[in-house]
Structure formats: structure tokens, C-alpha cells
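Data first, discussion second: the structure below is written as C-alpha cells.
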């Protein structure tokens, strides 16, 4: 008996055959370096992985406003205060760019925000550490935004068009964040003994969590293989982490500070700054929700959302009234 | 009281005089006026735009990637619409 030609094959098998063909075409586009756009066909896994990554990224920007917002009223000068407000506003904007990008994959921002508020969404574990001193504002801008830049510079070449475009926009703005942070650090490092001690203490607290921002080691990163194959990720977590350390250590030395790692050593052959073992048990605890500030962050986010309810209600009422006035006037 | 996220608006920015409007991203807003303000706050915090358009996303009609082949085909097989199609006498600078 002759096999059915594809267009006559019935039901599920025809659909499956079509998916195989589509997936092959999709892989070929990725291999050719094409960018994937919202209305293009994509494997369901690709869509799911991107929704996961992008929404976590957007949530991180939004939660990232909290540790810094904490210091706006206590900034030591008007100049510092203006910069910090601008930076925090940028983080809110970054959250919006990425939420919008995520919506192009067919999810509602409303649902993503809901997941953040009910505690089921993940976000960068770094924001679950407390900001105890003014020096933390410098160190966060320098190390945390610095690590984000390393990550996002590569993500700007990711295969999904809307994500890549959001990253290009964000990278430009993060450079300001990093510079203003490093300026704070350098100023304190040249300051009084108490200021020096304060900034060193801050580096001591944020160094390891900053390295953890790049995610689990390649040997233990369940999503990496697939994401690399689809060119969503262009470098591995460990490659990016190493790049960050190599970039940062000279900046640490330039201001006369140290990092809390007795194993740190320069390898002249590889030209890498080799660092000690990361405490993954701590990382996993924070990701699981048991970091120093997980509950506080979500509570603050919920309170902000609830306290903004009347503003949203007022805007809706105003728009309805305007529309009504227009109809009556017509 | 419902907690709506409001309709989606696509944002286009013109970077400088004489430049074309480019798609920048999108915002949620209750009406055009708020969409304009949100677009300014989200996409033009550093002088990236001298003009903005906000368009209800639902009003945009877009070509479908699956039909892109046949849809654009009429323009792809007409090399005579390009100057390179035509021969010029040797040694004459036409351009």
C-alpha cells in the first residue's frame, strides 16, 4: 500500500509531521542568526523558556527598586539623591520594557504581576539581601548593575527580537547606574577611616551574592543546554561570571579595596582571575525564599500595589468621564 | 472595583527632526492622554524623542509571517525595478 502523502495524512500524525518540519525550519533560522519575532512560529518550549526568563528578569527590575528606594530619603547630598531617584525610576522603566516584551509571547502583564505579588514568581536573589548602609548604594550600582551589564550585553544578541531590543535600551541606561555607583564607592574609599570601613564592609557583603547573580554553575544548570542551542543564551553562566570577575578586580584594586576571597589569584596563562568556591547552599536557600529579605520585599511590593489602587481607579474614572463628555458634546 | 491593566498601546518615537518614527515598545494606559504620558516616562527619559505616537495595539494591522512569501512575492521577481538591471555604455559615469 502506498503511504499517504503528507496533506492526506489524518489528524494527529499530520500535525506532528508539520511540527517536525516547522521545528527544523525554526532551527535553521536560529542557525542562520535570524532573529525570531512575536508572530513567527516557535516551538512551545522556546516560548515557555522565554516567558520564564523574561518575566523573572522583569520582576528583578521591579523588586530591584526596593533596596535602593530604601535610601532615597537618606542620600547624603542633593546630587546623590537626584541620581538615586533617576536610577530607581530607570529600574521601573526596565521592568516595563521587559514586561511588554514578555507580552509579545502571548501572556498578560496582569498575570505576571499577580505571580510576583502572590509570591510564586522568581526574581534575582541579590535583592533579598538588606541594604544596611549608604555604601550599599554605591556597591549595588557598581557590582550588581555591573554584573547585570555583563549578562545583558550578551542578552542583547539573544535570538528573540523583542528581548534583544529591550536589552539594548537597558544596557545604555545601566552604564549610568554603574558609573554613579563606582563614583560613590571611590569617594568613600578615599574618605575617612569610618567611610573606608563602611564601603569595605559593603563589598564584603555583596561580593559573593553578586557572583551568584549569574546563576548556577554550568555543571548544575538545567536550562542552559536548550537555551544555548536556541541562542537565547550566547554564553554560559560560568563564562559570564568569569568575565565579570576579570573586569571587576582591577576596579577593586584601583580604589584600594579587597574582595572577601582568600583563594582569589591571577592565572597568567589564562589571564583569568580565579576565585574560590561559591556557597551554593546559600544561593539555593535564598532562591527558595529563605533569604534575609524575601518576605519583606514581597510585602513592600504588595503594599505599593494596594496603595496605588486608588490612583488606577481615579485614572479609569477620569478617562470614562472624558469619554462621556465627548459623547455628550457631539 | 476591578484592577484592570488597561489596553495596550504601541509607542513610536521620532529621534530627531527629519527622522522617521520608529517602534519603541508598548505601554498600558486607560486613554490616549495617559498613554502619551506613560510613553514619555518609559521611552523618552533621556531625550530619545522629539515626537511620540501612541497607537491602540488593537488598531494595528500586521502582515502574517506565514504568508510573507506569497504576500511579498510580487515585488521579488521584478529586477527591472532596480538600476542595476540596465546596461550603460562603457566608460560613462551614470551615477
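Chains as they are written, first to last, in the working numbering: chain A, 708 to 1037; chain B, 4 to 98.
Note that the Cβ used here is the ideal one computed from N, Cα and C, for glycine as well.
Beta-bridge partners assigned by DSSP to residue 1025 of chain A: none are found. Residue contact with chain A for residue 28 of chain B: present (Cβ-Cβ distance below 8 Å to some residue of chain A).
Contact check for residue 967 of chain A against residue 911 of chain A passes: the beta carbons are separated by less than 8 Å. Judged by pairs of C-beta atoms under 8 Å, the stretch 808–826 of chain A does not touch the stretch 896–904 of chain A, as fewer than three such pairs exist. For the C-beta of residue 10 of chain B, not a single chain A residue is nearer than 8 Å; the gap to the nearest is close to 10 Å. Per the DSSP secondary-structure output, residue 981 of chain A pairs in a beta bridge with A:972.
Where residue 915 of chain A is concerned, the enclosing alpha helix (DSSP H) starts and stops at 900–919.
In the three-state reduction of the DSSP assignment, residue 60 of chain B falls in the helix class. Within its own chain, the residues whose Cβ lies closer than 7 Å to the Cβ of residue 749 of chain A, once the five positions on either side in sequence are excluded, are 733 and 743, listed in chain order. Cβ proximity to chain B below 8 Å picks out 796, 797, 800, 803, 804, 807, 808 and 810 from the stretch 796–810 of chain A. Around residue 68 of chain B, the beta-carbon contacts reaching into chain A at under 8 Å are 744, 746, 747 and 748. For residue 11 of chain B, the enclosing beta strand (DSSP E) covers residues 11–17.
Below the 8 Å Cβ cutoff, chain B contributes 8 and 31 as neighbours of residue 816 of chain A, in chain order. Non-local C-beta neighbours of residue 863 of chain A in its own chain, meaning closer than 8 Å and more than five positions away in sequence, comprise 871, 874, 875 and 878, ordered along the chain. For residue 48 of chain B, a Cβ of chain A is located within less than 8 Å of the residue's own Cβ.
When the Cα atoms are used, residue 726 of chain A and residue 719 of chain A turn out to be separated by approximately 10 Å. In the three-state DSSP reduction, residue 867 of chain A falls in the strand class (E or B).
Take residue 794 of chain A, set aside five residues on each side of it, and the residues of its chain with a beta-carbon closer than 6 Å to its own are 884, in chain order. Partner residues in the beta bridge of residue 55 of chain B, as assigned by DSSP, are B:16. Interface criterion not met: the Cβ of residue 865 of chain A is under 8 Å from no Cβ in chain B. Residue pairing by DSSP places residue 28 of chain B opposite B:14 in a beta bridge.
Against residue 45 of chain B, the close residues of chain A are 800, 803 and 804, in the order they occur along the chain (beta-carbon pairs closer than 8 Å). For residue 762 of chain A, the enclosing alpha helix (DSSP H) has its first and last residue at 751–770. Chain-order list of chain A residues neighbouring residue 87 of chain B: empty, with the shortest C-beta distance near 25 Å, by a criterion of under 7 Å. Taking 8 Å as the upper bound for CB-CB distance, residue 797 of chain A and residue 880 of chain A are in contact here, some 5 Å apart. Listed by position along chain B, the residues whose Cβ is nearer than 9 Å to that of residue 1029 of chain A are 34 and 36.
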